[in-house]
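Undergrad:
There are 2 protein chains.
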Amino acid sequence: MAGTSSTDHTIPHASHTQDALVLRMDKAARALLASATTEEDTRTELQTMCLPMTALWCRILRFDPAMPTWPDRDRCVVPSSAMLPLLAAMLRLTAPAGAQELSPTLEYGQHPAVEIATGPAGQGMAAAAGMALAEQHLAKRYGRSLVNHRTWVLARDSDLATGVALEAAQLASRFGLNRMAVLVCPSPLTDPADFSDSLARFGASGWSVRKVRAHDLGGIMAALQATLRARKPTLVACMPECCATLPDLPAEEELTGPWSPTARRGGSIRRSWLRRLAQHRARADFEREQSGKARQTMREDWGRLWRQTMRAAPDGSSQQAAFAGLRSLAILRQDVAILAATSSTRSSRRANLPIPFSNTAQPCGIQEHGMAGMLNGMARHGGILPCGVAGMMTIDRMRSALRMTALMRSKVLYLLTDDGLALSDNGGGWQPVEQLASLRAMPHLAVFRPACADETFACWQAALNWPQGPALLILCPHPPPPRAARRTGHYGGPSHGGYLISCGAGERHVTLMASGPEVAIATQAGQHLAEQGLNVAVVSIPCWEVFAQQPAAYRTAVLGQEGLRVGIEAASSFGWERWLGADGIFVGMDDFGISAPANAVYERFGITAGAICEKVLARFLASGAQKDSSPTAPPPSRLEALDMSLTITRS
Amino acid sequence: MAGTSSTDHTIPHASHTQDALVLRMDKAARALLASATTEEDTRTELQTMCLPMTALWCRILRFDPAMPTWPDRDRCVVPSSAMLPLLAAMLRLTAPAGAQELSPTLEYGQHPAVEIATGPAGQGMAAAAGMALAEQHLAKRYGRSLVNHRTWVLARDSDLATGVALEAAQLASRFGLNRMAVLVCPSPLTDPADFSDSLARFGASGWSVRKVRAHDLGGIMAALQATLRARKPTLVACMPECCATLPDLPAEEELTGPWSPTARRGGSIRRSWLRRLAQHRARADFEREQSGKARQTMREDWGRLWRQTMRAAPDGSSQQAAFAGLRSLAILRQDVAILAATSSTRSSRRANLPIPFSNTAQPCGIQEHGMAGMLNGMARHGGILPCGVAGMMTIDRMRSALRMTALMRSKVLYLLTDDGLALSDNGGGWQPVEQLASLRAMPHLAVFRPACADETFACWQAALNWPQGPALLILCPHPPPPRAARRTGHYGGPSHGGYLISCGAGERHVTLMASGPEVAIATQAGQHLAEQGLNVAVVSIPCWEVFAQQPAAYRTAVLGQEGLRVGIEAASSFGWERWLGADGIFVGMDDFGISAPANAVYERFGITAGAICEKVLARFLASGAQKDSSPTAPPPSRLEALDMSLTITRS
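In order, the protein sequences belong to chains A and B.
FYI, full-length UniProt numbering numbers position 222 of the first sequence as 222, with every residue one higher than the one before it.
FYI, full-length UniProt numbering numbers position 261 of the second sequence as 261, with every residue one higher than the one before it.
1. By the DSSP assignment, the beta strand (DSSP E) with M398/A in it spans what residues?
2. Helix, strand or coil for R346/B? Go by DSSP, reduced to three states.
3. With a Cβ-Cβ cutoff of 8 angstroms, do residue 660/A and I338/A count as a contact?
4. Closer than 7 angstroms, Cβ to any Cβ of chain B: which residues of the stretch 435 to 465 of chain A, in chain order?
5. Identify whether C238/B lies in helix, strand or coil by the three-state DSSP scheme.
6. Should the stretch 150 to 168 of chain B be called in touch with the stretch 192 to 199 of chain B, which here means at least 3 C-beta pairs below 8 angstroms?
7. From this set, D591/A, A168/A, L86/A and A609/A, which residue's C-alpha is nearest M371/A's C-alpha?
8. Please identify the residue among V164/A, N148/A, Q136/A and L413/A whose C-alpha is closest to the C-alpha of Q367/B.
9. Quick one: residues in its chain with C-beta nearer than 8 angstroms to the C-beta of G489/A, no 5 flanking neighbours on either side, listed in chain order?
10. Quick test of the definition: if touching needs 3 or more C-beta pairs under 8 angstroms, does the stretch 82 to 89 of chain A touch the stretch 224 to 240 of chain A?
11. Anything in the stretch 568 to 602 of chain A with a Cβ closer than 7 angstroms to a Cβ of chain B? List those residues in chain order, please.
12. When the distance is taken between beta carbons, is D74/B closer than 8 angstroms to L51/B?
13. For R397/B, decide whether its Cβ has a neighbour in chain A, counting only Cβ atoms nearer than 8 angstroms.
14. Note the first and the last residue of the continuous alpha helix (DSSP H) segment covering V78/B.
15. Report the neighbours of P497/A on chain B: residues whose CB is nearer than 7 angstroms to its CB, in chain order.
16. Does DSSP classify T4/A as helix, strand or coil?
17. Under the three-state reduction of DSSP, which class applies to Y414/A: helix, strand or coil?
18. Please classify T511/B as buried or exposed, where buried requires at least 16 neighbouring CB atoms within 10 angstroms.
19. From P477/B to P363/B, what does the alpha carbon distance come to, in whole angstroms?
20. Taking just the CA atoms, how far does Q431/B sit from A611/B?
21. Identify whether V22/A lies in helix, strand or coil by the three-state DSSP scheme.
22. What did DSSP end up calling C543/A once you bin it into helix, strand or coil?
23. Considering Cα atoms alone, identify which of L138/B, F586/B, S205/B and R156/B is closest to L171/B.
24. Quick one: what does DSSP say T17/A is sitting in, helix, strand or coil?
25. From S328/B to P542/B, what distance separates their C-alpha atoms?
26. Which ranges does the alpha helix (DSSP H) cover as unbroken runs of at least 4 residues, wholly within the stretch 254 to 289 of chain A, from first to last along the chain?
27. Report back the beta-carbon spacing between C185/A and M378/A to the nearest angstrom; my notes put them in contact at under 8 angstroms.
28. Pick from P188/B, G176/B and F457/B: whose alpha carbon is nearest that of S208/B?
29. Please list the partners that A121/A has in chain B, where partner means a Cβ-to-Cβ separation under 7 angstroms.
30. Give the single residue among S81/B, L415/B and L133/B whose Cα lies nearest to the Cα of residue 714/B.
31. If you measure beta-carbon to beta-carbon, which residues of the stretch 383 to 414 of chain A are closer than 8 angstroms to chain B?
32. Going by other Cβ atoms of all chains shown within 10 Å of its Cβ, with 16 needed for buried, is T17/A buried or exposed?
33. In chain order, what residues of the same chain have a beta carbon less than 6 angstroms from the beta carbon of P65/A, not counting five sequence neighbours either side?
34. With distance defined between alpha-carbon atoms, name the residue in E507/B, P443/B and V412/B nearest to W460/B.
35. Taking just the CA atoms, how far does E241/B sit from E45/B?
36. According to DSSP, is S629/B helix, strand or coil?
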């Protein structure tokens with residue numbers, strides 16, 4: 001099977017005729033580029049990269065224009081909108097006769113060969129590395145007879161200079177992604193020394209770096225052929241020559257129709273691939289995974305396996321429950337691929353991170369941003385369900401990549417560990433504060449912050465079913481205090497995004513809402529307040545996005561129509577007005593944390609049951625005093641005597 | 001003046017006695033480290049770095065323990081909490097007799113020699129580069145007689161592997177920061193090949209990289225001395241030896257008091273520096289800038305100069321006004337240092353970015369994250385007012401660094417260009433959507449989004465006066481439509497964070513709130529609604545943080561007590577409930593943008609005066625219908641006939 005690797009890609013005897021073909025296609029492409037209106041500087045780059053790109057498409061690329069969604073196609077990633085006209089030209093030249101005319105401004109979503117959305121510089125490099133990793137995963141499972149493609153990137157030099165590209169380059173080299181190749185040329189605006197530095201940094205990251213002259217077809221072909229045999233990821237730098245001229249072609253050699261060599265080669269390779277697929281023993285699995293579906297029995301199997309796993313380790317923290325969920329999911333779904341922000345031999349900082357699936361997760365060390373970018377590429381590749389594991393505090397670094405995930409609505413699952421005020425238990429740390437709000441503000445992203453083991457698993461399932469794209473599970477390493485079984489007034493469940501944990505009968509006086517570790521505090525505060533004669537509802541709201549999608553009647557039933565609303569979360573209040581209204585109370589932290597053991601931080605920011613009760617009672621006393629116009633308020637223990645049916649005057 | 005450079009730092013004839021001194025201090029430091037409780041892995045690193053750090057402190061570092069805030073001290077940056085015990089040991093050994101005992105868990109804010117807060121890996125490297133750049137700036141202005149220090153970093157290998165450190169390394173080399181030196185050792189958990197790769201990448205980034213044996217004092221001293229003469233930033237990798245033993249010292253050589261060589265050298269250098277300062281012609285400027293103050297006449301001068309500048313370029317976009325503000329500020333305040341995310345010869349992507357101050361701004365190319373990290377260091381260094389210029393869309397990449405700025409409450413000003421739906425005018429771009437909310441959620445950060453030129457300058461002043469730390473100006477390149485002079489009901493001003501642009505007399509029916517380019521749309525919608533007989537107030541709210549700090553009476557006067565509230569912003573609705581209440585209407589975009597000309601995007605997301613009016617009138621009709629229980633609502637043109645004095649029933 002490995003033998004098919006080279007034959008599919010290389011054309012054994014490069015002849016003069018074939019060179020002429022490339023030059024003809026190049027000429028046609030240049031004509032198309034000339035009509036595309038772009039800025040002067042990008043036009044120079046497009047012209048420089050035209051011959052290398054044409055050579056790739058005409059002679060090497062494994063791509064069938066008649067079926068651009070073919071799973072075993074070569075991925076040709078163009079991460080910047082500046083270079084897209086070149087891809088558009090290639091697609092137009094190779095399109096089968098009668099194909100729909102492409103829009104002149106090609107964009108992600110308009111053609112399946114536009115593999116990723118354009119985004120900040122460097123993201124495309126990371127995504128391409130992710131695609132190469134996905135290919136490696138699938139090739140291991142299905143063999144080279146089904147999975148035998150490569151990932152090409154048409155980058156710009158600004159991509160190479162970014163931190164995320166350098167992180168991804170390190171990971172690509174560490175994971176041995178030798179089927180990834182990057183074509184790049186220096187921008188006319190870049191200092192040549194900077195470009196050389198970029199090449200040197202890729203060399204230092206374990207890449208094979210080659211320089212070719214952008215107008216020398218022989219050199220380009222040699223470099224492209226060399227990438228097919230390379231044992232490292234390859235960077236081909238195409239250096240422009242100011243006064244190079246291409247050989248003139250006879251006039252009758254003008255382009256007349258779909259570009260035959262690419263289409264002919266791609267079509268024939270794909271047909272033989274289809275024959276191999278038809279006879280492949282794992283055909284059903286392959287096709288199901290390519291469509292992104294799971295086995296029908298998955299749901300029950302997963303629940304059973306998760307409960308089994310949890311029985312062996314009954315710690316009950318959301319973090320442990322989520323890892324058990326991931327481990328059992330990875331057993332049931334072979335397409336799960338895990339990248340984890342840990343070093344191979346767990347680094348000391350994260351020594352407490354339980355990664356019991358260390359044989360399945362690929363360690364990405366400190367390169368979280370590169371990792372997140374790669375997860376995008378893995379999701380876009382297809383046939384893979386990518387999961388990322390990282391610390392909650394590192395999400396800021398991954399934000400650009402996460403935005404691309406949400407923007408492309410890709411299914412990527414993140415497990416973010418060490419949430420809450422837990423970090424500081426190791427001393428000298430700052431707590432996440434505004435991260436939750438900043439994530440909830442991102443469209444298409446679902447943020448889950450479960451409170452206990454059962455809630456975690458329900459959130460895991462909801463995350464997998466979240467239709468819009470990526471989902472995050474934000475996890476706490478500390479087990480919550482044991483909770484009484486079902487309380488009175490339990491209504492709904494975590495899969496609805498928010499639900500009633502407990503609620504007394506009759507008119508509601510206070511609704512305490514919390515997520516994650518703060519649910520236990522809310523429950524405790526609820527008990528105290530109930531002892532004071534108040535009718536208290538406790539709501540866990542692990543996922544705002546899912547909760548917001550519930551019918552209004554469900555939301556009202558959970559949040560209640562009257563009474564004081566209190567939000568409790570060890571995070572910024574930003575955005576909580578959505579649930580609390582103008583008169584609600586928020587108990588959290590609107591400042592960066594302090595360095596102290598977790599309990600001390602909870603005390604310091606007043607996120608304790610006692611402090612919550614005080615605030616709530618103070619509000620009732622104030623409103624009671626206002627209502628009665630009596631200068632002395634009744635003591636808290638007498639609150640039950642107040643006529644609560646008149647409810648709270650909104651101050 | 002340049003000649004003092006080497007003499008201050010080097011001890012010309014390293015003698016055996018001095019080696020013995022270092023070894024004695026090293027032994028004392030090891031004893032202190034042994035008592036510090038740290039994890040096993042970090043303890044190994046601390047032990048490895050002990051001799052190099054001791055050699056630095058004992059023989060090289062320009063630091064007076066009696067005055068750790070001395071402006072011309074060497075900066076010794078320790079970016080990870082894991083390595084802080086080593087700094088604590090140095091501070092304890094060199095502390096003057098009778099000094100207050102240091103807390104065993106040393107932290108940022110507890111001692112002036114802890115230069116930066118610990119944060120995500122790599123941030124400290126960038127901050128140190130920023131300090132070296134600040135030193136370079138100040139040395140150019142005041143000469144080596146006043147500014148002659150260096151920046152040392154005690155890094156970990158995880159720092160080196162991050163994208164932000166690599167970006168900062170490139171910038172450090174590009175800016176010629178040869179007074180920056182990094183000491184690092186491999187972590188016992190890191191693959192040695194990865195560490196070698198890291199060193200190679202720094203070499204490829206134009207750094208001088210040296211390997212020394214961590215127990216070889218001679219080698220260490222030679223490497224440290226070499227950094228003093230280096231023409232590049234230096235990385236000294238201290239390689240641990242498993243079976244190295246340090247020479248035994250006689251028992252009576254135990255430490256008894258403050259470590260004399262460091263204190264003696266530092267004290268003597270500082271005293272001669274004080275003498276030079278006393279006679280320096282620019283002493284007053286130096287001292288004022290070190291205290292972070294501006295000239296008393298600054299405020300008026302700035303306004304005058306800004307108006308002059310604007311007269312020459314009366315385009316009126318907030319972006320142009322902000323750049324005029326920066327340019328005039330840089331003329332008046334010599335301590336302003338500007339880093340801009342543009343390449344030296346403006347890259348094509350940003351060709352439309354007006355940087356009229358290209359001679360003062362230092363170009364950081366695509367390395368925004370490294371740039372933002374450096375701005376932190378520049379602010380922490382003192383004597384510099386750092387300003388960063390970048391595109392609005394790149395703020396996600398800078399987020400980790402920005403968080404450090406806010407956490408340390410450093411004064412850094414950012415000008416973020418190309419906000420709003422403007423980007424897509426160049427075709428093929430995505431608009432910022434959730435960025436505003438994610439920034440507003442960050443504590444201590446003030447986010448300004450001015451609407452017109454005058455508002456921009458008022459925001460500039462407010463940003464400079466924002467007491468809590470960093471401030472962002474979010475700028476639009478398109479000029480707003482001309483606005484009528486003062487309207488009826490104008491109240492307050494942009495420096496209050498939010499103000500009334502116009503308001504009819506009598507009871508308010510609708511309050512339209514907007515920021516930035518959407519203020520013009522709100523004004524237009526207000527006119528239409530007023531024509532329908534509604535009493536409309538238009539509010540511009542350029543800065544939520546400043547507005548939230550105004551007295552409640554002011555906020556109520558601006559927002560009004562009754563009537564419908566409508567928020568208009570071409571961004572995510574997240575967080576707007578704070579101002580709109582539960583029943584307000586938000587007009588914006590809760591999805592990622594589309595690629596189209598700006599006006600088409602406004603149309604597509606319904607952010608137009610017409611669409612706003614429709615929504616408002618529909619709400620009035622619905623509530624009117626509800627109130628009257630009449631099945632047919634009156635036509636909009638008859639709305640004035642409704643008894644509006646009963647105001648709107650909240651639905």
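Just so you know, even glycine gets a beta-carbon here, dropped at the ideal spot from N, CA and C.
TA: According to the data block:
1. Per DSSP, M398/A belongs to no beta strand (DSSP E) and is neither H nor E.
2. With a pLDDT of only 43 at R346/B, under 50, the local geometry of the prediction cannot be trusted, and no value is derived from it.
3. Because chain A is modelled from 1 through 651, residue 660/A falls outside the range shown and cannot be assessed.
4. Those residues of the stretch 435 to 465 of chain A that come within reach of chain B (Cβ to Cβ, closer than 7 angstroms) are A437, S438, R440, A441, M442 and P443.
5. It is a strand residue.
6. Touching, yes.
7. Measuring from the Cα of M371/A, the nearest candidate turns out to be A168/A.
8. Out of V164/A, N148/A, Q136/A and L413/A, the CA that lies nearest to the CA of Q367/B is found in V164/A.
9. Taken in chain order, the residues that qualify are L500, S502, C503, G504, A505 and A537.
10. Contact between the stretch 82 to 89 of chain A and the stretch 224 to 240 of chain A is absent: fewer than three C-beta pairs spanning the two stretches fall below 8 angstroms.
11. Only those residues of the stretch 568 to 602 of chain A whose C-beta falls short of 7 angstroms from the nearest C-beta of chain B are listed: S572, F574, G575, E577, R578, G581, A582, D590, D591, F592 and S595.
12. For L51/B and D74/B, no; Cβs fall outside 8 angstroms.
13. Judged by the 8 angstroms Cβ criterion, R397/B is in contact with chain A.
14. Premise fails: V78/B is in no alpha helix (DSSP H) and is neither H nor E.
15. First, the amino acid is wrong: residue 497/A is Gly here, not Pro. The contacting residues do not exist; G497/A stays about 16 angstroms from chain B at best.
16. Only weak support exists for where T4/A lies, its pLDDT of 41 falling under 50; the value from the coordinates is given anyway. It is helical.
17. Of the three classes helix, strand and coil, the one that applies to Y414/A here is strand, per DSSP.
18. That one is buried.
19. So the two alpha carbons sit approximately 20 angstroms from each other.
20. Straight-line Cα distance between these residues: approximately 20 angstroms.
21. Three-state DSSP puts V22/A in a helix.
22. Here C543/A sits in coil by DSSP.
23. Answer by Cα proximity: S205/B.
24. Three-state DSSP puts T17/A in a helix.
25. Their Cα atoms are separated by approximately 22 angstroms.
26. Segments of the alpha helix (DSSP H) lying fully in the stretch 254 to 289 of chain A: 260 to 279.
27. Cβ-Cβ separation between C185/A and M378/A: approximately 28 angstroms, too far for a contact (criterion under 8 angstroms).
28. Taking S208/B as reference, the option from P188/B, G176/B and F457/B with the minimal CA-CA separation is G176/B.
29. Neighbours of A121/A in chain B, taken as residues at a C-beta separation under 7 angstroms, are given in chain order as I366.
30. An answer regarding residue 714/B cannot be provided, because it is not within the stretch 1 to 651 covered by chain B.
31. Listed by position along the chain: M393, T394, D396, R397, R399, S400, R403, A406 and L407.
32. By the neighbour-count definition (other C-beta atoms within 10 Å, threshold 16), T17/A is an exposed residue.
33. Once the five neighbours on either side are set aside, the close Cβ partners of P65/A are T94, A95, P96 and A263.
34. Among E507/B, P443/B and V412/B, the Cα nearest to that of W460/B is on V412/B.
35. About 12 angstroms.
36. Here S629/B scores only 39 on pLDDT, less than 50, and its place in the model should not be relied on; the value that follows carries that caveat. Note: S629/B maps to coil in three-state DSSP.
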